[in-house]
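Novice:
Protein chains: 2
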Amino acid sequence: MARINHLAIVVEHIEPALKFWRDALGLEVGQVQRNEAEEVEIAFLPLGESEIELLAPLNETSGVAKFLARRGPGMHHICLEVEHIEAVMQRLRAHGVELLNETPKENEAGTKYCFIHPKSAFGVLVELYEPGQRGR
Amino acid sequence: MARINHLAIVVEHIEPALKFWRDALGLEVGQVQRNEAEEVEIAFLPLGESEIELLAPLNETSGVAKFLARRGPGMHHICLEVEHIEAVMQRLRAHGVELLNETPKENEAGTKYCFIHPKSAFGVLVELYEPGQRGR
Numbered sequence: 275m276a277r278i279n280h281l282a283i284v285v286e287h288i289e290p291a292l293k294f295w296r297d298a299l300g301l302e303v304g305q306v307q308r309n310e311a312e313e314v315e316i317a318f319l320p321l322g323e324s325e326i327e328l329l330a331p332l333n334e335t336s337g338v339a340k341f342l343a344r345r346g347p348g349m350h351h352i353c354l355e356v357e358h359i360e361a362v363m364q365r366l367r368a369h370g371v372e373l374l375n376e377t378p379k380e381n382e383a384g385t386k387y388c389f390i391h392p393k394s395a396f397g398v399l400v401e402l403y404e405p406g407q408r409g410r
Numbered sequence: 275m276a277r278i279n280h281l282a283i284v285v286e287h288i289e290p291a292l293k294f295w296r297d298a299l300g301l302e303v304g305q306v307q308r309n310e311a312e313e314v315e316i317a318f319l320p321l322g323e324s325e326i327e328l329l330a331p332l333n334e335t336s337g338v339a340k341f342l343a344r345r346g347p348g349m350h351h352i353c354l355e356v357e358h359i360e361a362v363m364q365r366l367r368a369h370g371v372e373l374l375n376e377t378p379k380e381n382e383a384g385t386k387y388c389f390i391h392p393k394s395a396f397g398v399l400v401e402l403y404e405p406g407q408r409g410r
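Sequences listed follow chains A and B, in order.
If you read the first sequence in my numbering, its first letter stands for residue 275, the second for the next number, and so on.
If you read the second sequence in my numbering, its first letter stands for residue 275, the second for the next number, and so on.
What follows is the structure, given as structure tokens:
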């Protein structure tokens, strides 16, 4: 287990939230991009070896939109970076931990990722992340 | 803004939660201590330059016990380490951000800290932390 890769925070809209995180608190904004697959707009705010990620829904039916409707804005998930995601997933399964995807997903940067069911992690949505060569 | 100092997660009891964080996920446990002032037991799990902190209530009337009763277990607050906490607090006030304590509190290690009201941080409880000489 290498580090906290990012902490994801759900907000209604990116720009008002940046008034707090960027303007008041003084964090840098790395980039803001649309992720059509996850139906979110994401602002990346590097912070030491980690990032704060602000997620805003692109529509009213996405997972993030449903989270907002149910719980309001706030912390959504914590992403832990690992070296060998399959080995960690196998170890988790051996301990009876439920995973939301049984094999790692892979994004366009070659990063492998999976989510752990919050009921196995005491209410926390935990993402695991093995950065791909193109994502380093 | 230097780094994420810690992410605090509220659980009902420390030991069952360690079955996930320590045994299944493989994180090291730095120490487990009682904080009588905050009425919590805390397990510190170092992770890169940050820590995961598991908080369990020592009684049924503490702030953490009320959080558990209201929201269930889950992420409680994010703590950001800063170099000069008073300067950051002044900047936040100038941007209309509401602080939960108007002057920094100080713990026995000499660390200065304060909390930002979640309504000013879009639903996130944010702690600021300036480590004292004894806490480094």
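All residues carry an ideal CB built from backbone N, CA and C; glycine is no exception.
None of the values given here were measured: they were computed from a predicted structure.
1) Using the Cα positions of A:Ala339 and B:Val398, report the straight-line distance between them to the nearest angstrom.
2) Identify which residue in B:Ile278, B:Lys293, B:Ala276 and B:Met275 has its Cα closest to the Cα of A:Phe396.
3) Hey, could you find the ends of the beta strand (DSSP E) B:Arg308 is sitting in?
4) To the nearest angstrom, report how far apart A:Leu319 and B:Phe389 are at their CA atoms.
5) Starting from A:Gly337, trace the beta strand (DSSP E) in both directions and tell me its first and last residue.
6) With 7 Å as the limit, tell me which residues of the stretch 373 to 399 of chain B have their beta carbon closer than that to any beta carbon of chain A; keep them in chain order.
7) For the alpha helix (DSSP H) containing B:Leu292, list its first residue and its last residue.
8) Given B:Val362, which residues of its chain have a CB within under 7 Å of its CB, disregarding the five upstream and five downstream residues?
9) Within 8 Å of any Cβ in chain B, is that where the Cβ of A:Met363 sits?
10) By the 10 Å Cβ neighbour count, where 16 or more other Cβ atoms means buried, how is A:His280 classified, buried or exposed?
11) Any idea if B:Glu404 is buried or exposed, counting beta-carbon neighbours within 10 angstroms, 16 or more meaning buried?
12) B:Arg277 touches chain A at which residues, Cβ-Cβ below 8 Å?
13) Does any C-beta atom of chain A lie closer than 8 Å to the C-beta of B:Ala339?
14) So, is B:Ile368 buried or exposed, given that buried needs 16 or more other C-beta atoms within 10 angstroms?
15) Who are the Cβ neighbours of A:His391 in its own chain at under 6 Å, not counting the five residues just before and after it?
16) Who are the neighbours of A:Ala291 on chain B, taking C-beta pairs under 7 Å?
17) Mind pulling the chain B residues with CB within less than 9 Å of A:Pro405?
Specialist: Answer, in terms of the structure:
1) On the first sequence, position 65 is the one that residue 339 of chain A refers to. On the second sequence, position 124 is the one that residue 398 of chain B refers to. Computed Cα separation, rounded: 17 Å.
2) By 1-based counting over the first sequence, the position of residue 396 of chain A is 122. The shortest C-alpha separation from A:Phe396 is found at B:Lys293.
3) Taking the first residue of the second sequence as position 1, residue 308 of chain B is located at position 34. From DSSP, the beta strand (DSSP E) with B:Arg308 extends over Gln305 to Asn309.
4) Within the first sequence, the letter at position 45 stands for residue 319 of chain A. Within the second sequence, the letter at position 115 stands for residue 389 of chain B. So the two alpha carbons sit approximately 20 Å from each other.
5) Here residue 337 of chain A corresponds to residue number 63 of the first sequence, with the count starting at 1. A:Gly337 -> not in any beta strand (DSSP E); alpha helix (DSSP H) instead, spanning Gly337 to Arg345.
6) Against chain A - using a Cβ distance shorter than 7 Å - the residues of the stretch 373 to 399 of chain B are Ser394, Ala395, Phe396, Gly397 and Val398.
7) Taking the second sequence and counting its residues from 1, one reaches residue 292 of chain B at position 18. Counted as a single uninterrupted DSSP element, the alpha helix (DSSP H) harbouring B:Leu292 occupies residues Ile288 to Leu292.
8) In the second sequence, counting from the first residue as 1, residue 362 of chain B sits at position 88. So the list reads Val356 and Leu402, once near-sequence residues are dropped.
9) For the purposes of this step, residue 363 of chain A is taken as the residue at position 89 of the first sequence. The beta carbon of A:Met363 sits no closer than 8 Å to any beta carbon of chain B.
10) Looking up residue 280 of chain A in the first sequence gives position 6. By the 16-neighbour rule on beta-carbons within 10 angstroms, A:His280 is buried.
11) The count along the second sequence starts at 1 and reaches residue 404 of chain B at position 130. It counts as buried.
12) By one-based count along the second sequence, residue 277 of chain B stands at place 3. Under the 8 Å cutoff, chain A gives Leu321, Gly322, Glu323 and Ser324.
13) Within the second sequence, numbered from 1, the residue matching residue 339 of chain B stands at position 65. It does not; no Cβ of chain A falls within 8 Å.
14) Position 94 of the second sequence holds residue 368 of chain B. Rather than Ile, the amino acid found at residue 368 of chain B in this sequence is Ala. Exposed.
15) Here residue 391 of chain A is taken as the residue at index 117 of the first sequence, counted from 1. Within the same chain, Glu372 and Leu374 come within 6 Å of A:His391 by CB-CB distance, once the 5 residues on both sides are set aside.
16) The residue labelled residue 291 of chain A in the question sits at position 17 within the first sequence. Result: Phe396.
17) Residue numbering aside, residue 405 of chain A sits at position 131 when the first sequence is read from its first letter. The premise fails here: A:Pro405 is roughly 14 Å from chain B at the closest Cβ pair, so nothing lies under 9 Å.
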